[in-house]
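Numbering (full-length UniProt numbering), first residue to last: 1 to 227.
Beta carbons are placed, not taken as given, at the ideal position from N, Cα and C, and that holds for glycine.
Worksheet: one structure, shown below.
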Amino acid sequence: MRYDVLIVDDEAVLAETTCEYLNMFEVQTAYVTSAAECEQFVQEHEPSLILLDINLGDSSGFDLCKKLRGTLQIPILFISARSSDDDILIALNIGGDDYIHKPYTLSVLLAKVKAVLKRYGNKDQAEQLAFGQVRIDTQLSRVLVNGEEIRFKTMEYKLLCYLAQHKNRVVPKEELFAKVWEDSFTGDGTLNVHIRHLREKIEYDPNSPQYIKTVWGKGYVLEDNSR
Numbered sequence: 001m002r003y004d005v006l007i008v009d010d011e012a013v014l015a016e017t018t019c020e021y022l023n024m025f026e027v028q029t030a031y032v033t034s035a036a037e038c039e040q041f042v043q044e045h046e047p048s049l050i051l052l053d054i055n056l057g058d059s060s061g062f063d064l065c066k067k068l069r070g071t072l073q074i075p076i077l078f079i080s081a082r083s084s085d086d087d088i089l090i091a092l093n094i095g096g097d098d099y100i101h102k103p104y105t106l107s108v109l110l111a112k113v114k115a116v117l118k119r120y121g122n123k124d125q126a127e128q129l130a131f132g133q134v135r136i137d138t139q140l141s142r143v144l145v146n147g148e149e150i151r152f153k154t155m156e157y158k159l160l161c162y163l164a165q166h167k168n169r170v171v172p173k174e175e176l177f178a179k180v181w182e183d184s185f186t187g188d189g190t191l192n193v194h195i196r197h198l199r200e201k202i203e204y205d206p207n208s209p210q211y212i213k214t215v216w217g218k219g220y221v222l223e224d225n226s227r
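Written as structure tokens, this is what we have:
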């Protein structure tokens, strides 16, 4: 299930109050009160933004943020009563997108949350790409092959998304250089290596690809025959 916001705060009353307020303004929100509950939540649901407290009982929001950044690219806003410059710098340097001081005003928090959701794209704007047994969630930058999540390097992921967005069409190499690498200096060798890596990660037999096929002298086509 998708949520606009997940609140992670061991102050249960404050978390519940904030959750109810955001939901009242049609920002679909849930809350948990521990790092373990957060990790379980993101395995089962898809939040678009996380409000993360630094102090989480026996654990730390800093440590949790580092773990989340291993798989999630969604905005993480720290919320804390701690106001030292060191805390703020640590929060921003480990992957936090903003730092909100407690106590916060609910109306101001709502405005900030809406602005961030609009800037990064909310759940309705998330693009779902699919072909065969491959599913790409562009909101979470996640690729599933036969239900298993596969990790991609940045350029591999960008290339796969572009081919999927233009599936069943021959995409010239020059277009891939311009749209994926955003320059005209990338050579055939670099593209060939990335194509090979994609095939190794999504194809049943990389030497006889079902999806990403070479059109000699032109470019590549991602074929999707599923209907």
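Around the beta carbon of residue 103, fewer than 16 other beta carbons sit within 10 angstroms, so the residue counts as exposed. For residue 195, the enclosing alpha helix (DSSP H) starts and ends at 188-202.
Contact between residue 76 and residue 48 does not hold, since the beta-carbon distance rounds to 11 Å and is not under 8 Å. Contact between the stretch 85-95 and the stretch 134-154 is absent: fewer than three C-beta pairs spanning the two stretches fall below 8 Å. Taking the Cβ atoms as the reference, residue 63 lies roughly 14 Å from residue 10, outside the contact range of under 8 Å. Per DSSP, reduced to three states, the secondary structure at residue 152 is coil, with no helix or strand assignment.
Excluding sequence positions up to five before and after residue 179, its CB lies within less than 7 Å of the CB of 162, all in the same chain and listed in chain order. Across the structure, residue 213 and residue 197 are spaced so that their CA atoms are roughly 13 Å apart. Residue 31 places its beta carbon 7 Å or farther from that of residue 50. Secondary structure at residue 179: helix, using DSSP grouped into helix, strand and coil. Counting only residues of its own chain and dropping the five nearest sequence neighbours on each side, residue 130 has no CB closer than 6 Å to any other CB. Leaving aside the five residues that flank residue 45 on each side, the residues in its chain whose CB is nearer than 8 Å to its CB run, in chain order, 1, 2, 3, 6, 30.
Beta-bridge annotation (DSSP): residue 128 is paired with 137. DSSP places residue 220 inside the beta strand (DSSP E), whose first and last residues are 219-222. Under DSSP, residue 3 forms a beta bridge with 47. Within 10 angstroms of the beta-carbon of residue 105 lie fewer than 16 other beta-carbons, which makes it exposed.
Annotation for residue 146: 133 place their beta carbon closer than 7 Å to its own, counting only its chain and skipping 5 residues before and after.
The shortest C-alpha to C-alpha distance from residue 169 to any of 222, 190, 65, 27 is the one to 222. Going by C-alpha positions, residue 111 is about 22 Å away from residue 95. Considering only 143, 199, 27, the residue with the shortest C-alpha distance to residue 118 is 27.
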